[in-house]
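Numbering (my numbering), first residue to last: 31 to 365.
What follows is the structure in structure tokens.
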């Protein structure tokens, strides 16, 4: 009787072991097959990550706009260089919070969130779609990354321009004389009043410089992030984890800030102006160099980096986590 029980127990144990082994092998096979196959993330992931990052970066973005629209008479290279210092950025933020209230650092937040919900959703979503369309299951080349980011940047910049106009105006409002302030209540009120008082075409003001900047920032931010991450993972053999994502996004933010600064300054001045400047962005840039010096094109670089650096880091870290969770969910469904 004992032999029968032992035999049954042994058979049951062996069956469970074989079943467990089969299930493990099956999961490993599914994971291996899916590891070679690109699991595309939902289109809106990039926009959601950017909106979350906006809550952190918005005060620095507002400070950057204030510095870029500041008029300095008899500007010198040294005076422009001082505007790049962290001390000037902190002083500007302190002045804004003291004279207008701490809430003023979040002026235009609704417009900024709408811009990210359109602009960033489109450029991040299309960038991934274009990469998959060009490279498929293979790793995209650098020229392919540049082409994908350029196309995504053009469309993202165009769709995000109306909310960007309202965003810049709301951020710059506190710096204007009381008689010239627009006092938009929120992004919807801003768009409605612009259409009613100035005409819908004003929402497209600065479209060329905004689109150029969107292309530059998408190319310099997304393409450089992918290049930096691949270099760190494949050349220096780091794991594709949080440290790699942090370093890659920090370097991408540094590249994007420097590349985009001149067009960002021009775009801000065009959008914040009360009267339309019909000159092309390049001519405005040339005029600034002649009257204010080359350094004026990099005015607000420090708050721009302090804004874009954390924004880029938070965006890519959140985006990578969303993609990881989405991939795990898909693998569980396949199992």
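Here a beta-carbon is modelled for each residue, glycine too, at the ideal position from N, C-alpha and C.
If you're wondering where the values come from, they're calculated on a predicted model, not measured in any experiment.
Nearest to residue 345 by C-alpha distance, out of 71, 83, 73, is 83. Rounded to whole angstroms, the separation of the alpha carbons of residue 319 and residue 277 is 34 Å. Counting only runs that start and end inside the segment 161-248, the alpha helix (DSSP H) elements of at least 4 residues fall at 172-202, 217-227, 237-248.
In this structure, the alpha-carbon of residue 163 lies about 12 Å from that of residue 175. From the listed residues 233, 351, 253, the smallest Cα separation to residue 169 is found for 253.
Close CB contacts of residue 337 within its chain, under the 7 Å cut and outside five residues either way in sequence, are with 87, 90, 91, 94 (chain order). Going by beta carbons, residue 286 and residue 258 fall outside the 8 Å limit. Judged by beta-carbon spacing, residue 244 lies within the 8 Å limit of residue 187, meaning their Cβ atoms are closer than that value. Look at the beta carbons and you see the segment 67-77 touching the segment 148-162: at least three pairs across the two are nearer than 8 Å. In its chain, beyond the 5 residues on either side, no residue has a beta carbon closer than 7 Å to the beta carbon of residue 124. Between the segment 269-276 and the segment 219-230, the count of C-beta pairs closer than 8 Å stays below three; the two stretches do not touch.
About 7 Å separates the beta carbon of residue 250 from that of residue 290, a gap short enough to meet the 8 Å contact definition. Secondary structure note for residue 136: it is in no alpha helix (DSSP H), with a DSSP letter that is neither H nor E. For residue 72, there is no enclosing alpha helix (DSSP H), as DSSP marks it with neither H nor E. Nearest to residue 143 by C-alpha distance, out of 181, 349, 134, 190, is 190.
Per DSSP, reduced to three states, the secondary structure at residue 298 is helical. Taking the Cα of residue 238 as reference, the smallest distance to any Cα among 138, 184, 129 is reached at 184. Residue 151 holds the alpha-carbon nearest to the alpha-carbon of residue 77 among 85, 151, 248, 217. Taking C-beta atoms as the reference points, residue 242 and residue 311 count as a pair closer than 8 Å. Spatial neighbours of residue 149 in its own chain (CB-CB distance under 6 Å, excluding positions within 5 residues in sequence) are listed in chain order as 186, 190. Note that the C-beta distance between residue 342 and residue 279 is below 8 Å.
Rounded to whole angstroms, the Cβ separation of residue 140 and residue 217 is 4 Å, and the two are in contact under 8 Å.
The Cβ atoms of residue 155 and residue 74 sit closer than 8 Å to each other. Within a 10 Å sphere around the beta-carbon of residue 201 sit 16 or more other beta-carbons, which makes this residue buried. 8 Å or more divides the Cβ of residue 263 from the Cβ of residue 79. Counting other Cβ atoms within 10 Å of its Cβ, residue 167 stays below 16 and is therefore classed as exposed. Relative to residue 260, the option among 365, 171, 221 whose CA is nearest is 171. Residues 175 of the same chain have their beta carbon placed closer than 7 Å to that of residue 256, with the five preceding and five following residues left out of the count. Using a Cβ distance threshold of 8 Å, residue 194 and residue 315 do not count as a contacting pair. Excluding five sequence positions before and after residue 298, the CB atoms of its chain that fall closer than 7 Å to its own CB belong to 95, 98, 99, 198, given in chain order.
In this structure, the beta-carbon distance from residue 182 to residue 248 falls below 8 Å.
Residue 221 and residue 208 have their alpha carbons spaced roughly 21 Å apart. Membership of residue 338 in the alpha helix (DSSP H) is indicated by the continuous run 331-364.
Counting along the chain, the unbroken alpha helix (DSSP H) around residue 315 starts and ends at 311-322. When rounded, the separation of the alpha-carbon atoms in residue 329 and residue 165 is 39 Å.
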